[in-house]
Amino acid sequence: MNYFVNDKGYYGDFGGAYIPEMLYPNVEELRQNYLAKINEPDFQKEFHQLLKDYVGRPSPLYLAKRLSKKYGANIFLKREDLNHTGAHKINNTIGQILLAERLGKTRIIAETGAGQHGVATATVCALRGLECVVYMGEIDIERQAPNVARMKMLGAKVVPATSGSKTLKDATNEAMRDWVNNPVDTHYIIGSVVGPHPYPDMVSVFQSVISEETKKQLLEQTGSDQPDYVLACVGGGSNAMGMFYHFINDEGVQLIAVEAAGKGVGSGHSAATTALGKEGVLHGSRSILMQTTDGQVVEPFSISAGLDYPGIGPQHAHLFKTLRAKYVSITDEESLDAGLLCTQMEGIIPAIESAHALAYLEKMDFKGNENVVVCLSGRGDKDMDTYMKYFGL
Numbered sequence: 001m002n003y004f005v006n007d008k009g010y011y012g013d014f015g016g017a018y019i020p021e022m023l024y025p026n027v028e029e030l031r032q033n034y035l036a037k038i039n040e041p042d043f044q045k046e047f048h049q050l051l052k053d054y055v056g057r058p059s060p061l062y063l064a065k066r067l068s069k070k071y072g073a074n075i076f077l078k079r080e081d082l083n084h085t086g087a088h089k090i091n092n093t094i095g096q097i098l099l100a101e102r103l104g105k106t107r108i109i110a111e112t113g114a115g116q117h118g119v120a121t122a123t124v125c126a127l128r129g130l131e132c133v134v135y136m137g138e139i140d141i142e143r144q145a146p147n148v149a150r151m152k153m154l155g156a157k158v159v160p161a162t163s164g165s166k167t168l169k170d171a172t173n174e175a176m177r178d179w180v181n182n183p184v185d186t187h188y189i190i191g192s193v194v195g196p197h198p199y200p201d202m203v204s205v206f207q208s209v210i211s212e213e214t215k216k217q218l219l220e221q222t223g224s225d226q227p228d229y230v231l232a233c234v235g236g237g238s239n240a241m242g243m244f245y246h247f248i249n250d251e252g253v254q255l256i257a258v259e260a261a262g263k264g265v266g267s268g269h270s271a272a273t274t275a276l277g278k279e280g281v282l283h284g285s286r287s288i289l290m291q292t293t294d295g296q297v298v299e300p301f302s303i304s305a306g307l308d309y310p311g312i313g314p315q316h317a318h319l320f321k322t323l324r325a326k327y328v329s330i331t332d333e334e335s336l337d338a339g340l341l342c343t344q345m346e347g348i349i350p351a352i353e354s355a356h357a358l359a360y361l362e363k364m365d366f367k368g369n370e371n372v373v374v375c376l377s378g379r380g381d382k383d384m385d386t387y388m389k390y391f392g393l
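Under full-length UniProt numbering, the letters of the sequence shown match residues 1 to 393, in that order.
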């Protein structure tokens with residue numbers, strides 16, 4: 001079984017580039033150039049130098065001793081929250097800004113939900129002196145105010161998306177419209193493993209540094225580079241794809257992707273794509289998405305802005321359909337409770353997105369000495385208002 005992209009841009013039944021004719025030149029330019037550009041020695045040298053000296057990689061693989069004792073297994077946290085800007089998103093934006101420069105682009109656009117990708121994009125644009133426009137749903141602008149302030153301070157223009165559910169899906173729509181209207185000078189930094197080929201592959205390659213480091217770190221700490229379980233939260237799915245990437249062909253490693261159940265899978269207020277969705281096309285690729293019987297996208301719901309998306313990346317759809325990875329879901333309440341537990345047991349405040357992955361530990365049955373890696377994809381600074389309101393702090 002091949003779990004990676006083929007030369008046509010597909011992962012099994014999923015992927016491709018379902019785009020309007022006006023976007024074809026932009027996407028085709030990327031497709032024809034991205035592999036050659038990112039594999040050039042000078043690109044790799046600059047990319048890894050920035051990851052080391054600017055981002056602060058490698059991020060630690062931390063054995064959470066109190067959580068390990070509670071669950072009866074060795075719980076390792078891959079600390080993406082310690083990256084510059086506070087999440088895994090910076091890995092991808094560093095890669096894409098270097099690629100954009102090599103393609104002669106001078107203007108950068110992006111979409112963002114939780115704001116972490118927006119901040120990461122604004123950060124690399126400030127670093128390289130490029131114009132930056134970030135599209136963000138009106139609702140997300142309200143619930144992620146600290147990140148909006150950071151983007152503006154970094155010099156980005158934040159444009160509210162006021163259509164539909166006013167969240168990540170709608171911000172993506174607006175960004176794609178912008179790209180259609182500005183094809184020559186503009187590069188669209190997509191923040192997740194979604195969109196038309198080559199984006200899902202490109203983003204997963206830039207994020208694969210997460211699992212590449214994890215294998216080395218696990219070998220140092222346990223004597224084996226293969227854990228029993230790897231867990232990560234999934235909206236579009238970039239942190240999960242980065243966390244899974246170098247374990248995908250290790251069949252003995254159980255991959256667990258945790259989606260947002262919102263108020264409950266059957267509540268009508270959920271973002272549990274694999275539980276509720278079916279195959280279709282969204283944002284330029286064939287994948288699994290939540291839709292009505294006549295193919296209209298169902299509005300997702302999650303307390304976590306970064307998981308509030310009605311689909312998953314095509315590689316995730318392939319891993320789900322082939323049963324290579326297990327896709328589960330966690331409610332808002334379960335994630336918030338897990339976030340508080342991690343905070344009070346380990347002194348680490350996780351992003352609510354990451355807390356979804358931590359919450360699934362409660363539902364697992366461990367025999368006693370398994371090695372479990374959880375991707376702590378971001379820190380909870382941006383979610384303090386939500387945490388405080390929920391717990392009455």
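Every residue, glycine too, gets a C-beta built ideally from N, C-alpha and C.
Item                                                                                                                                                       : Value
With distances taken from CA atoms, which of L30, K89, K389, G347 is nearest F206?                                                                         : K89
Looking at C-beta atoms only, is the number of pairs between the stretch 188-208 and the stretch 227-241 that lie closer than 8 Å three or more?           : yes
When you compare the CB positions of A17 and K382, do they come within less than 8 Å of one another, or not?                                               : no
Once the 5 residues before and after L103 are set aside, which same chain residues still bring their CB inside 6 Å of it?                                  : none
Return yes when the Cβ of L376 is within less than 8 Å of the Cβ of P350, no when it is not.                                                               : yes
Between which two residues does the alpha helix (DSSP H) harbouring V159 extend?                                                                           : Careful: V159 lies outside any alpha helix (DSSP H), inside the beta strand (DSSP E) at 157-161.
Can you tell me the Cα-Cα spacing of K169 and T292, whole angstroms?                                                                                       : 16 Å
Out of G129, Q226, L336, point me to the one whose CA is closest to Y245's CA.                                                                             : Q226
Taking C-beta to C-beta, are D81 and G378 nearer than 8 Å?                                                                                                 : yes
Kindly indicate which three-state DSSP category S287 falls into: helix, strand or coil?                                                                    : strand
Can you find a heavy atom of the ligand PLP that lies under 7 Å from the Cβ of S208?                                                                       : As far as ligands go, the structure on display features none, and thus does not contain the ligand PLP.
Hey, how far is the Cα of E111 from the Cα of V253?                                                                                                        : 33 Å
Report back the beta-carbon spacing between V230 and V373 to the nearest angstrom; my notes put them in contact at under 8 Å.                              : 5 Å
Ignore the nearest five residues each way along the sequence and tell me which others in A261's own chain have a CB closer than 7 Å to its CB.             : S270, A272, S329, I330, T331
Is the separation between the beta-carbon of M241 and that of Y34 shorter than 8 Å?                                                                        : no
From D294, H356, T274, pick the residue whose C-alpha is nearest to that of G313; which is it?                                                             : T274
Tell me which residues share the same chain as A120 and place their Cβ nearer than 6 Å to its Cβ, disregarding the 5 neighbours each side in the sequence. : T85, K89, I90, T93
Looking at the secondary structure, which residues open and close the alpha helix (DSSP H) in which G242 lies?                                             : 238-244
How should H117 be labelled, buried or exposed, when 16 other C-beta atoms within 10 angstroms of its C-beta is the threshold for buried?                  : buried
Rounded to the nearest angstrom, what separates G155 and G295 at their Cα positions?                                                                       : 39 Å
Rounded to whole angstroms, what is the Cα-Cα separation between K157 and A73?                                                                             : 46 Å
Looking at the secondary structure, which residues open and close the alpha helix (DSSP H) in which Y390 lies?                                             : 384-391
Would you list, in sequence order, the uninterrupted beta strand (DSSP E) runs of no fewer than 3 residues that lie entirely inside the stretch 73-117?    : 74-79, 107-112
So what does DSSP say about N39, is it helix, strand or coil?                                                                                              : coil
Residues bridged to Y229 by DSSP?                                                                                                                          : Q254, V372
What residue range does the alpha helix (DSSP H) around A317 cover?                                                                                        : 314-321
Consult DSSP for K278 and reduce its assignment to one of helix, strand or coil.                                                                           : strand
Let me make sure I understand the geometry here. Which of E101, S68, E138, Y24 has the alpha-carbon closest to that of F47?                                : E101
Please report how far the alpha carbon of A2 lies from the alpha carbon of A317, in whole angstroms.                                                       : Per the sequence shown, residue 2 should be read as Asn rather than Ala. Distance between the alpha carbons of N2 and A317 is about 13 Å.
Just list the residues that DSSP pairs R379 with in beta bridges.                                                                                          : P350
Using CA atoms only, rank isn't needed, just tell me which of R286, Y390, D308, H356 is closest to H197.                                                   : R286
Under 8 Å between the Cβ atoms of A232 and V209?                                                                                                           : no
With DSSP as the reference, identify every bridge partner of V297, one or two as the case may be.                                                          : Q291
Provide the residue span of the beta strand (DSSP E) that contains L63, from first to last.                                                                : 61-63
Touching or not, the stretch 36-47 and the stretch 345-365, by the rule of three or more beta carbon pairs under 8 Å?                                      : no
For F366 versus Y71, is the C-beta distance shorter than 8 Å?                                                                                              : yes
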